[in-house]
Amino acid sequence: RRDMAESKQLGIFWGKNNLSVVSLAAGKPGMIFSVPLPRDAGGSSIEAGPFSPTGMEIISLIQNTFRQHKLSAGTAYVSLPTRDIIFRSFVIPWMQPNEVKGVVDFEASKYVPFALNDLSYSFYPMTVTEGNLRRIRIIFVAIKKAVLESYRKILEEAALRVHIAEPATLSLIRAMAAKEL
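Number 138 in this note's numbering belongs to position 138 of the sequence shown; there are no gaps in the numbering.
Quick look at the structure:
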């Protein structure tokens, strides 16, 4: 076990019933443990934020579990549950890269049930050929800003510095790619 004062890089998967935490030292997994979550920690209760009763309970559970494992807080790389993520895929005509964002914003507003300014989102364009026609397939990923901010604030109130937050499926792809699977 490491000294409490040592700062760590931490991988955190926010699951339905617990947070799975892995500490990283020199890029290699160290201690692995779970932080149990209250039963009502999913869905809209997260959006209520860190100062809601559920948020305060989660913060306390994180702090207590870290103390039990004699691990200080550190920089967190967070995998968010897919229940809070919006994934969409659509095809647009081929165009210059500097024109894509405006078209994506227009198209996404047709496929997403929320105003785009209420979302934190990103997209990945892939050139595809259908017949002799070049087109762009867009992989669109979004989360409500309020939900993302609640996850971030809860973790930061527990003294974890969120460096990256991404959908759990992307974290899985990244881990598989790192292992060349």
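All C-beta atoms in this analysis are idealised placements derived from N, C-alpha and C, irrespective of residue type, glycine included.
Values in this document were obtained by computation on a predicted structure and should not be read as measured data.
query	result
Taking DSSP as the reference, what is the three-state secondary structure of residue 145?	helix
On the DSSP bridge list, what partners appear for residue 10?	23, 76
Can you give me the start and stop residues for the beta strand (DSSP E) that residue 190 sits inside?	Outside the shown range of the chain, which is 1 to 181, sits residue 190, and nothing can be said about it.
Might you give, ordered along the chain, the residues of its own chain that have their beta carbon closer than 7 Å to the beta carbon of residue 157, omitting 5 neighbours on each side?	50, 59
Please classify residue 54 as buried or exposed, where buried requires at least 16 other C-beta atoms within 10 Å of its C-beta.	buried
Which residue from 27, 80, 46 puts its Cα closest to that of residue 13?	80
Would you tell me roughly how many angstroms separate the C-alpha atoms of residue 82 and residue 142, rounded to the nearest one?	10 Å
At what residues does the beta strand (DSSP E) containing residue 91 begin and finish?	86–93
Touching or not, the segment 156–175 and the segment 66–79, by the rule of three or more beta carbon pairs under 8 Å?	yes
What does DSSP give as the partner residue(s) for residue 248 in the beta ladder?	Nothing about residue 248 can be read from this structure; the chain reaches only from 1 to 181.
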